[in-house]
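Contents: one structure, followed by commentary.
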Amino acid sequence: MALLLFLAQTLRIAVPYLFAAGGGALAERSGIVSLSLEGYMLGGAFTAAIGAYYTNSAWLALMCGVGGGLVLAGIHAIGTIRFRADQVVTGVAINLFAVGITRFFLQLAFKSSSNSPRVPGFGGENAGVWLALVSNPLVWLGVAAIPVLAFVVHRTTFGLRVRAVGEHPDAATSVGVPVNRIRYVAVLASGALAALGGSFLALDQHQFTDSMTAGRGFIALAAVIFGRWDPVRAGFACLLFAAAETFQIRLQAAQLIPSQFVAMIPYVLTIIAVAGVVGRSVPPAALGRSAD
Amino acid sequence: MTAPARTPVPAVRMTGIVKRFGAVLANRDAGIEVAQGEIHALVGENGAGKSTLMKILSGMQPADAGRVEVGGRDVTGWTTAQAIAAGVGMVHQHFMLVPTLTVAENVVLGREPVSVGTFDRARAVRDVEELSKQSGLVVHPERLVADLSVGEAQRVEILKTLYRGARILLLDEPTAVLSPPEVAELWGVLRRVRVAGTTIVLITHKLDEVMNVTERITVMRHGETVARMATSETTPEGIARAMVGRDVRLGGGAPASAGAAAAKPAGEGLAVHNLMVRGARVEKAVNDISFSIAPGEILGIAGVEGNGQTELLEAMAGLRPVTAGSIAIGGRDVTGASVRARGDAGLSHIPEDRHNRGLILEYSVADNLILGLQHRYVKGASLDRAAIEANAAKQIAEFDIRPANPSLAVRALSGGNQQKVVIARELSRDFAALIAAQPTRGVDVGAIEFIHDALRRARDAGKAILLVSAELREVLDLSDRVAVMYGGRLVVTLPRSGANEDVLGPYMTGARREVA
C-alpha cells in the first residue's frame, strides 16, 4: 500500500516534468536552448487557470494553457531565430517576463497578489490518489508524450531534420532543409508541451498561485541533459527526479535528514550526468548557435 | 580524354556578379561560362572569391548584382532547393555532413523517402546502396558519418549530389584532404560521372590537378574574373601568372639544398622518444613515436589529417599532456615543461591553426608579433610600447606584411599576411628548434613561396625543423627526410631522395607500413 502511494505520488509529480522535458528535448535537438521551459510552464499554468475560471471547462482551460505557452515560445523563437539573440539571455528574459506578467494579470483579474480563486479541474476532488490520477486525462497525455516524441524524433522525416538542424545547420541548409522553419516548429511545440505541464499544476491544485512552477522547468531541462537529449531517457530521468522528490517529502515528515539535502538530489544527479559519469553527455553540436 | 559534342547553350553562365560581405567585396564583376559536359577548373588564390561565386551558383548566397544562367535559363537569386531541383549539386570544402546521422540519412536528408507518413529508413538504405553500386562510390549506408575517414566522407558528399540527380557538379577543393590514391580514385569517379553527361566545375589552387583533369579554366583574382583559357593551350606558369598577377617561381625545382646537407652539424636539435599521447577520442592518438632531427635538418611528416599529427604537435609544443615517452630540445629534456619553458629552451612553434592558436585576431599586428614574448617587452610594470613598435616595424619590413600598418587588427589582414605575422614572430625569436605545422594552409601562392624560402633559410642557419603538412607536395619540396604518419605511428621514414608521391601514397592510406 505504501509502495502504491509512493508510485502514485511520484507519477503525479512527474507529469509536468514529462511534458516539459519532452518539449525541451525536441527544442534542444533543433539547436535552441530551452532555459525558458520554466517561463512556458508558468505562463501556461496562469492562462489555464484563467481559462478554467471563465469557461468552467477543464478542456477549454487546457487550450488556454497551450495558447499561453505558444505566445511565450513564439517570443523566444522570434528573438532567437529571427533576430539571433543570445538564446540563454532570451531564455532568462522569458522566465522573468513570465513571472512579472502573470503577477500583473493575477492582480488585474483577481485583485490578489498571491493566488487565483478556486478553479475547476479534471476529476472529483475527494477521490483517492489513484482514482484522481487515472481520471485525469493530462496524466495519460503526459505519459504518452514521451513515446510519441521519441517516435517523432527518431522515426519521422521531421525528426531527422530536427536532428540535422541541431547538429549541423549549414549541412541542412545546403540540401534545402529550411533550418529556421524547423526550429520555429520545434520551439513552438516545446512551448505548447511545457504549458500543458503548467496547466496540469494549476488544474491539479485547482488554482494558480504566484510563481507556482517553482523551478520545475529547470528540473525538466536537467532531465533533458541527464537523458542525453533523448526523449525516452529524459522521460526516465523525470521519473527518477520525481521519485527523489517524493522521497524527500516522505523524509521531511520523518525528519531523518535535513530536507534541503534531499531536495538537492535532482541537481546532484544532473551534475553527475553532465560530468560524464553516466556516459558521455554530448549536446547537439549547434545548440545555442544561430543559423547563418 | 575527348569531350562530348558541345551544345551552344552553356551549362552555366554567370556574368557581372557582385557580392559584398560587410566591407569586403568577395566578388566584383566575376563571371564564368561552363560548357555542357566539360570538366572546368575555377582557380585563384585563397580569398579570390571562387567559393563565393560557386555558393551563389548553388543558391546558398544571393548575389548583390549580376546574372546567373543555368542551361540558358535566368535563375538569378534562386534558393538551394531550386538549385538542387534544377540539378546543381555542390560538394563543399568543409563537408556538409551531420556527424551524428548515418550515411544513408545524410544522403537522403531534405528528400527523404516516406512511407505511411514516416521516414522510410529501409528504403533510404536500399537507395543509397544501389547508388553506391552504380557510381562506384563505396560506403556502407548504415555507418555513422562521425566514424568515416575523410575520403569516405567525401564519397558521401558526392553520393548526396547524385541522389538529387545532379547534372552540374561543383567541387570545392576536393583533394585538399585526400591521400594520393584517394585523389586518383576521385578522378576516376568524376570521369565516370562525366561520361554519363554531368558537367563538373572544380575549384582548386593546385595547378597539377588543373593540368591533368580539366579542359577549360577560369581564373579569379581579388574577386574578379581575370582570365579564361583552354587547358591544352596554357602552362602551369601561365595559370600561376594569371592567379597572382606576376611571375611566380613554382615549387619542386630545388628541394633540399645539397650543399647544406653536407655541411650539416651532428647532434640532436629536436627529438622525441617513444612518445605516447592520448587524444580526445582515441586512447593512443600518438602511439610510440620516436625521431630525432639534427640541427640544419628538416624532417617532414606527411599523412592524411587526423592520424595523430595534431596530438603530436600539441604534445611537443606543451599544449597536451604526454602519456609516456620524452621530448628533448638540444639534448635537454622538456617533457613536462610549460610552453614558456620550452620557448626559453629554444623551441619555436608555428601552430597548425592560426586563428585558434597562432593569433589573437582582435589584437593589432604589433601586439600579435610579441605574443608569448610579452615578458621580454616590459619596462617596469607596463609593456614597453616603444620596443614593441620598433619590433613591429622591423618584422613588417622584413617579412613584407601588408598592409604595413602595425596598429591594424590582425583580423583585417588576408590569410597569407596573417600567417606571415605568425611566421615573423616565430622565426625572429631566439630558437634552436622549430615546429612548423601546416605553415602555408590557406595562404596564397605568392606567400607560399615566401614562407618556404623563410623555412629554408632557417634550416640553412642550423635550426632543427619539424614540418607537418597535409600537402604532400610541400613536404617533398622542403624536407631532407620524409616520414609518413598513419594511425598514430610513423609508418615509414625515408631520405628525400627515396621519396615521391607513388612511394608514399600506400603508406598514407595505411596499405603499407614498416614500423621503424
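In order, the protein sequences belong to chains A and B. Under my numbering, the first residue of the first sequence is numbered 5, with each subsequent residue one higher. Under my numbering, the first residue of the second sequence is numbered 22, with each subsequent residue one higher. Just so you know, even glycine gets a beta-carbon here, dropped at the ideal spot from N, CA and C.
Opposing strand residues paired with residue i [DSSP bridges]
i	result
B/Phe42	B/Val45
B/Ala430	B/Ser385
B/Gly531	Note: B/Gly531 sits in no beta bridge, so no partner.
A/Ile253	Looking at the DSSP assignment, A/Ile253 forms no beta bridge with any residue, so it has no partner.
B/Asp19	Residue 19 of chain B is absent from the structure shown; chain B starts at 22 and stops at 537.
B/His61	B/Val222 and B/Arg237
A/Thr177	BP columns for A/Thr177 are empty, so no partner.
B/Val343	BP columns for B/Val343 are empty, so no partner.
Residue i versus residue j - alpha carbon distance
i	j	result
A/Leu255	A/Ser38	32 Å
B/Gly290	B/Asp451	14 Å
B/Leu74	B/Thr36	11 Å
B/Val512	B/Gly321	13 Å
B/Glu54	B/Arg41	22 Å
A/Val138	A/Gly83	39 Å
A/Gly239	B/Ala306	37 Å
B/Leu118	B/Arg176	11 Å
B/Ser518	B/Ser500	10 Å
B/Gly367	B/Lys415	21 Å
B/Ile221	B/Val91	13 Å
B/Ala281	B/Arg375	Since pLDDT at B/Ala281 reaches only 43, below the 50 mark, its modelled position is unreliable, and the value read off the structure follows with that caveat. Those two C-alpha atoms are separated by around 30 Å.
A/Cys299	B/Thr225	There is simply no residue 299 of chain A to check, as chain A begins at 5 and stops at 296 in what is shown.
A/Gln211	B/Ala301	52 Å
B/Ser403	A/Pro173	45 Å
B/Val210	B/Ala504	29 Å
A/Ala246	A/Gly202	16 Å
A/Leu41	A/Thr161	25 Å
A/Leu112	A/Ala258	41 Å
A/Ile98	A/Leu66	21 Å
A/Ile85	A/Ser294	7 Å
A/Gly26	A/Leu142	14 Å
A/Phe10	A/Ala136	15 Å
Three-state class that DSSP yields for residue i in the structure shown
i	result
B/Ser136	strand
B/His370	strand
A/Ala149	helix
A/Ala279	coil
B/Ala277	Model confidence at B/Ala277 stands at a pLDDT of 43, short of 50, so the residue's coordinates are unreliable and nothing is read from them.
B/Ser403	strand
A/Ser215	coil
A/Met2	Outside the displayed range of chain A (5 to 296) lies residue 2 of chain A, so it cannot be described from this structure.
A/Pro235	helix
B/Glu54	strand
B/Arg494	helix
A/Ile261	coil
B/Ala282	With a pLDDT of 44 at B/Ala282, under the threshold of 50, the modelled position of that residue is not reliable, and the figure given next carries that caveat. Reduced to three states, the DSSP call for B/Ala282 is helix.
B/Thr196	coil
B/Ser253	helix
A/Arg293	coil
B/Asp421	coil
B/Ser412	Residue 412 of chain B is actually Asn in this sequence, not Ser. Helix at B/Asn412.
Buried/exposed call for residue i, threshold 16 Cβ in 10 Å
i	result
B/Met81	buried
B/Pro460	buried
B/Tyr507	buried
A/Asn60	exposed
A/Val92	exposed
B/Gln57	buried
B/Glu178	buried
B/Val10	Not covered by the structure: residue 10 of chain B. The range shown for chain B is 22 to 537.
For residue i, the first and last residue of its enclosing alpha helix (DSSP H)
i	result
B/Val159	Taken as a continuous stretch (DSSP letters only), B/Val159 belongs to no alpha helix (DSSP H), as it is neither H nor E.
B/Gly290	It is not in any alpha helix (DSSP H) - B/Gly290 carries neither H nor E in the DSSP assignment.
B/Tyr398	No alpha helix (DSSP H) holds B/Tyr398; DSSP gives it neither H nor E.
B/Val89	Run containing B/Val89: none in the alpha helix (DSSP H); it sits in the beta strand (DSSP E), Ala86 to Val91.
A/Val70	Ala62 to Ala81
Where the beta strand (DSSP E) through residue i begins and ends
i	result
B/Val512	Arg510 to Pro516
B/Asp193	Ile189 to Asp193
B/Met111	Val109 to Val112
B/Gly321	Ile319 to Ala323
B/Ala504	Arg502 to Tyr507
B/Ala458	Ala454 to Ala458
Any non-hydrogen atom of the ligand COA within 7 Å of residue i CB
i	result
B/Asp388	Judged by which ligands are present, the structure shown has none, so any question about the ligand COA falls away.
Residues from the segment 160-178 of chain B in contact with chain C, defined by Cβ distance under 7 Å
No chain C appears in the structure shown, which is made up of the protein chains A and B.
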